[in-house]
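Down below is the structure, laid out as structure tokens.
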Amino acid sequence: MNLVKLRKFTYEEVTRCNRCGFCLPSCPIYLVKGIESATPRGRNAITRAVIEGRLQWSGEVEKSIFSCLGCGACTANCFPAIKTRDIVFRDRECLVSEGIYPKIADRLAQYILEEGNISNENNEERAEWQELIKGIPEHYFEKEKADVIYFVGCVASFFPLAQKIPASMAMVMEKAGVDFTVLGGQEWCCGYPLIGAGMPDKMDALIKHNVEVVERIGATKVVFTCPSCYHTWKHFYPSGAEYLSASEFLVELLREGNLELKPLDVKVTYHDPCDLGRNTGVYEPPRKVLSSIPGVELVEMEKNRQLTTCCGGGGNLEMVEPELSGKVADLKIAEIQATGADVVVSSCQQCLRTIAGRARRRKIPLIVKDITELLAEAMV
Amino acid sequence: MEREEAIRKLQESVGEENVLFSDVDLTLYGYDASLEKGRADAVVLPGSTDQVSLVVRLAYQEGIPIIARGSGTNLSGGTVPVRGGIVLHFSRMNKILEVDIPNRTVTVEPGVITLDLQTMLLKQGFLYAPDPASQKVSTLGGNVGENSGGPHCLKYGVTTNHVLGAEVVLYDGTVTWIGGKNPDNPGYDLMGLIVGSEGTLAIATKIILRIIRAPEAIKTMLAIYDSIEDASNTVSAIIAEGIVPATLEMMDHVVMEAVEKSVQAGYPLDAAAVLIIELDGLKDGLDRQAAKVLEICKRHNVREIQLARDEAERARLWAGRKGAFGAVTRLRPCYMVCDGTVPRTKLPEVLNQVMEVGKKYGLLIGNVFHAGDGNLHPLILFDERDEAEKNTAMKAASEILKICADAGGTISGEHGIGIEKLREMNFIFTEDDLETMRKIKRAMDPKDVLNPGKVIPN
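Chain order of the listed sequences is Y and C.
Residue 22 is where the first sequence starts when you use our numbering, and the numbers rise one by one after that.
Residue 1135 is where the second sequence starts when you use our numbering, and the numbers rise one by one after that.
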């Protein structure tokens, strides 16, 4: 990406930002930092100033552009619906071309391209979560041919706190009699972290490999518990299979009557992950899953669906500025607590890690569960 | 004093992390929501009155301009640092200090977001009435500086009618109180002088606001018209009848089209204009008042009247109205809003003249405004990157303000003068008038450090 391309993709868009400021109260980064360079309006203005030659790419620009969560709340609150998230990601590409970016991103890219995952782990160890399942079938959910592929994602594979998600999802699908497989070491990172890092040109090999695997297995559906993988596949992956988020798939299973559920007496609130809700448009399926569990009472947060507040884990911020990410999580935790719910349910391993991690560090008693986990608990 | 030295002193006063001076920061604090641009020399995020006082004292001693601002949503360049200087951004001073229900007051810091205060009060059954369309982001300090209005100000009055007192920092850093919780104060009405002075006379650091009981009942109607003239005549007829609705807002088809592209507010795209009429007060009598309004609308050829059935529908109608300015950039990239005010009875005639100006210059103009107040907001649409078109738009804007002034109105209802309308001040004030204002400014800010270059033309 260079200035000429940046101009082509974003100049009309940023010019329509008339600095009305309606995005400010929706931007968690502004709410925490309280300065203009932390606002979506400011990021639009930076982009325009660079295009018009009034500002140069610099470390200060980098600070503003890389502190965006990519959560999209600004666009949801913007009457001309300026897509600041897309603009910011293109800015990041330019900054990478200029060599002005958080260098931790180089390590991330290296891990992804060399190992196939974000954690610099041996990719064959993606299936560690299977150890959480008692009496796992002999095929360990790894088959040569299957109708459905469950794409687990890097975070749920390698971060202990999130491994209960694939364990729950696999158990639910197994009990429902779904012909599915996971990919084990054949699953490579979807490439989403590279988009956030301003390096989308490095995704090609990943896309090519993952699509080949889908074709080899002959699956008609790929299911995701990670909203960012789901979002990335939906937008960048050319395969013939249908892509479904976990909750969309679970709604199908529930509709077919393949799941028998017992009551759970619990009051929950639901946190919409940005990449699932606002950025892909999946709001109701997770709520349908919740309402299908007898005894579950759902109380909504004041800001929900397209107006939801990001957990703080979006846009690679946790990697670049962990403390800022944590302060955004504090805003989210306050909204959750205001509902008086016993449990906050989400459908994203990153939201779960960010919210639960922050609550634990601040010694706030908060129970955070993934929707698959809650459903697994309710299974007879 | 050298710039580095001044910055070091500022850092000593408010802490290093609260002074910004990078190229990016100085560029970003050079705009507001108008088309004006400037560049600050430093940005300070004060955390207390004492810190504001220290910064102002330094500015006074060194003759550095000082510009106070909240969210920077103002519409006439009022917070644009045209002569450089220090921008004070009040985002950290955002606490509601006291809610005094028995005395019907609240005390706030200037960085409190208007809607945050209103939401908090409404939960207790109370209301801070002024509701600028930008209320979800505007700050109360900014509202005081601009003397902001809003749809409900027709019935309840603009910001100045709700400010009882303030702690202010004067030009040399002195901290003092003006007014207080008393409903009336002896002597000159200094509070009235400061509200709307756009930060040119003093900087408020605490504000005491009047609150009232939230109305028992609300009725919101959307009246749909096939002609703007009929809609305008309805407005003056309602007021002439002695009814004061809470709001009487008008929108034309250009604006409705833009809004409907943004949110589904439910505005009819084939209509020439709509009025959002809201009545509030005691439950008893509200139906009778609504019937009377309905009858007046019918007399003026209303096509249809829709009543908001619930709070969600009412919120939708208002969301569309409040986002109207931003929405018009779906039609053209930029807009210039002319905040002229005219006597209500002149509305049909002036609106026609406004549309003539648009035709004459080949510019698309949308109208969304506080019709009940006669406060127009013609939005001239253009592309500011096209220098020629921008100049034409500015010329048209000036002509529209002249039309308002000639019709017995004025050049700003609520958005202030800032720098954008300096040239038009002589439409309504004589040189003697302006000299009197300059004398006041000199008395309250002898070294011209408080937001210089604004409001009064040189």
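Virtual Cβ for every residue (Gly too), placed ideally from N, Cα, C.
Values in this document were obtained by computation on a predicted structure and should not be read as measured data.
- Mind checking the region 73-87 of chain Y against chain C and listing, in chain order, the residues whose C-beta falls within less than 9 angstroms of any C-beta there? Flagged, chain order: Glu73, Arg75, Leu76, Gln77, Ser79, Gly80, Glu81, Val82, Lys84, Ser85.
- Item | Residue span of the beta strand (DSSP E) that contains Gly1299 (chain C), given as start and end | 1297-1303 is the span of the beta strand (DSSP E), which, as asked, contains Gly1299 (chain C).
- Query: From the beta carbon of Cys99 (chain Y), is the nearest beta carbon of chain C less than 8 angstroms away?
  - Reply: Interface annotation, Cys99 (chain Y): in contact with chain C, CB-CB separation under 8 angstroms.
- Task: Please say whether Ala130 (chain Y) and Leu265 (chain Y) have beta carbons closer to each other than 8 angstroms?
- Result: In this structure, Ala130 (chain Y) does not lie closer than 8 angstroms to Leu265 (chain Y) by Cβ.
- Message: Assuming the contact rule is C-beta atoms closer than 8 angstroms, Leu1274 (chain C) and Ile1341 (chain C) should be a hit. Round their C-beta distance to whole Å, please.
- Response: About 6 angstroms separates the two Cβ atoms, so the contact holds.
- Opposite Ala1357 (chain C) in the DSSP bridges: which residues? DSSP, once it has assigned bridges, lists C:Leu1409, C:Ile1439 as partnering Ala1357 (chain C).
- Task: Note down, in chain order, all residues in the region 1453-1474 of chain C with a beta-carbon under 7 angstroms from any beta-carbon belonging to chain Y.
- Result: Cβ contacts with chain Y come from Gly1457, Phe1459, Gly1460, Ala1461, Thr1463, Arg1464, Pro1467, Cys1468, Tyr1469.
- Measuring CB to CB, does Ala59 (chain Y) end up less than 8 angstroms from Ile72 (chain Y)? Not closer than 8 angstroms, so no.
- Task: Closer than 7 angstroms by beta-carbon distance: list the chain Y residues that pair up with Thr1207 (chain C), in chain order.
- Result: Result: Cys41, Gly42.
- Query: Terminal residues of the continuous beta strand (DSSP E) containing Val389 (chain Y)?
  - Reply: Val389 (chain Y) -> beta strand (DSSP E) spans 388-391.
- Near Ile385 (chain Y), what residues of its chain come up, given a Cβ to Cβ distance below 7 angstroms and the 5 sequence neighbours on each side ignored? Cβ contact annotation for Ile385 (chain Y) (same chain, cutoff 7 angstroms, sequence separation greater than five): Ile354, in chain order.
- Task: Note down the Cα distance separating Glu1558 (chain C) from His1296 (chain C), rounded to an integer number of angstroms.
- Result: The alpha-carbon of Glu1558 (chain C) is positioned some 28 angstroms away from that of His1296 (chain C).
- Item | Rounded Cβ spacing between Ala1336 (chain C) and Val1369 (chain C) (contact assumed at less than 8 angstroms) | A Cβ-Cβ separation of about 37 angstroms leaves Ala1336 (chain C) out of contact with Val1369 (chain C) under the 8 angstroms criterion.
- Can a CB atom of chain C be found closer than 8 angstroms to the CB of Gly55 (chain Y)? Closer than 8 angstroms: yes.
- Taking Cβ to Cβ, would you say Leu116 (chain Y) is nearer than 8 angstroms to Ile139 (chain Y)? No, Cβ-Cβ distance for Leu116 (chain Y) and Ile139 (chain Y) is not below 8 angstroms.
- Item | chain Y contacts made by the region 1160-1171 of chain C, where a contact means CB separation under 8 angstroms | The residues in question are Thr1161, Leu1162, Tyr1163, Tyr1165, Asp1166, Ala1167.
- Residues near Met192 (chain Y) in its chain [Cβ-Cβ closer than 8 angstroms; skip 5 each side]: Within the same chain, Ile154, Ala397, Met400 come within 8 angstroms of Met192 (chain Y) by CB-CB distance, once the 5 residues on both sides are set aside.
- Query: Counting along the chain, where does the beta strand (DSSP E) carrying Asn23 (chain Y) start and finish?
  - Reply: That residue, Asn23 (chain Y), is in no beta strand (DSSP E); it is neither H nor E in DSSP.
- Query: So what's Asp15 (chain Y) in DSSP terms, helix, strand or just coil?
  - Reply: Past the boundaries of the shown model lies residue 15 (chain Y); chain Y is included only from 22 to 401, so the question cannot be answered.
- Proximal residues to His1549 (chain C) (C-beta, below 8 angstroms), its chain only, five neighbours per side dropped: Within the same chain, His1549 (chain C) has close Cβ partners Asn1208, Leu1209, Ser1210, Glu1280, Val1471, Asp1473.
- Apply the 10 Å Cβ neighbour rule to Leu1403 (chain C) and answer buried if 16 or more other Cβ atoms are within range, or exposed otherwise. Leu1403 (chain C) comes out exposed.
- Task: Could you check if Val320 (chain Y) is buried or exposed, using at least 16 other CB atoms within 10 Å of its CB as the buried criterion?
- Result: By the 10 Å Cβ count, Val320 (chain Y) comes out exposed.
- Message: Under 8 angstroms: do the region 37-57 of chain Y and the region 91-99 of chain Y share three or more Cβ pairs, one atom per stretch?
- Response: Result yes; three or more Cβ-Cβ pairs closer than 8 angstroms.
- Query: When DSSP builds the beta bridges, which residues end up paired with Thr290 (chain Y)?
  - Reply: Beta-bridge partners assigned by DSSP to Thr290 (chain Y): Y:Val365.
- Considering only C-alpha positions, which residue in the set C:Gly1496, C:Val1148, C:Tyr1469, C:Gln1195 is nearest to Lys1581 (chain C)? With respect to the C-alpha of Lys1581 (chain C), the residue from C:Gly1496, C:Val1148, C:Tyr1469, C:Gln1195 having the closest C-alpha is C:Gln1195.
- Query: The alpha helix (DSSP H) spanning Cys1468 (chain C) covers which residue range?
  - Reply: Residue range 1468-1471 is occupied by the beta strand (DSSP E) that includes Cys1468 (chain C), with no alpha helix (DSSP H) assigned at that position.
- Query: Applying a beta-carbon distance threshold of less than 7 angstroms, which residues of chain Y neighbour Arg1448 (chain C)?
  - Reply: Here the premise fails: no neighbours, minimum Cβ distance about 18 angstroms.
- Item | Whole-Å CB distance - Thr290 (chain Y) paired with Thr393 (chain Y), under 8 angstroms assumed | About 17 angstroms separates the two Cβ atoms, so there is no contact after all.
- Message: Suppose the cutoff is 6 angstroms on Cβ atoms and the five residues either side in sequence are ignored; what does the same chain contact list for Gln1440 (chain C) look like?
- Response: Cβ neighbours of Gln1440 (chain C) beyond the five flanking positions: Leu1356.
- Stretch pair the region 261-278 of chain Y + the region 341-349 of chain Y: three plus CB contacts closer than 8 angstroms: Taking one beta carbon from each stretch, the region 261-278 of chain Y and the region 341-349 of chain Y have fewer than 3 pairs nearer than 8 angstroms; the two do not touch.
- Given a cut-off of 8 angstroms, decide if Leu1497 (chain C) and Leu1481 (chain C) are closer than it, judged by their beta-carbon atoms. The beta carbons of Leu1481 (chain C) and Leu1497 (chain C) sit no closer together than 8 angstroms.
- Query: Of the residues that make up the region 1241-1268 of chain C, which ones have a beta carbon closer than 7 angstroms to any beta carbon in chain Y?
  - Reply: Listed in sequence order: Ile1247, Ser1268.
- Can you give the Cα-Cα distance for Glu34 (chain Y) and Val1388 (chain C), rounded to whole angstroms? Each residue's alpha carbon lies about 21 angstroms from the other.
- Task: Give me whichever residues DSSP pairs with Arg1344 (chain C) in a beta bridge.
- Result: Arg1344 (chain C) pairs with C:Thr1239.
- In terms of alpha-carbon separation, which member of C:Val1484, C:Glu1447, C:Leu1192 lies closest to Glu1533 (chain C)? Of the listed residues, the one whose Cα sits closest to Glu1533 (chain C) is C:Val1484.
- Whole-Å CB distance - Met1571 (chain C) paired with Ile1590 (chain C), under 8 angstroms assumed: Distance from Met1571 (chain C) to Ile1590 (chain C) at the Cβ level is roughly 5 angstroms; contact confirmed, criterion being Cβ atoms closer than 8 angstroms.
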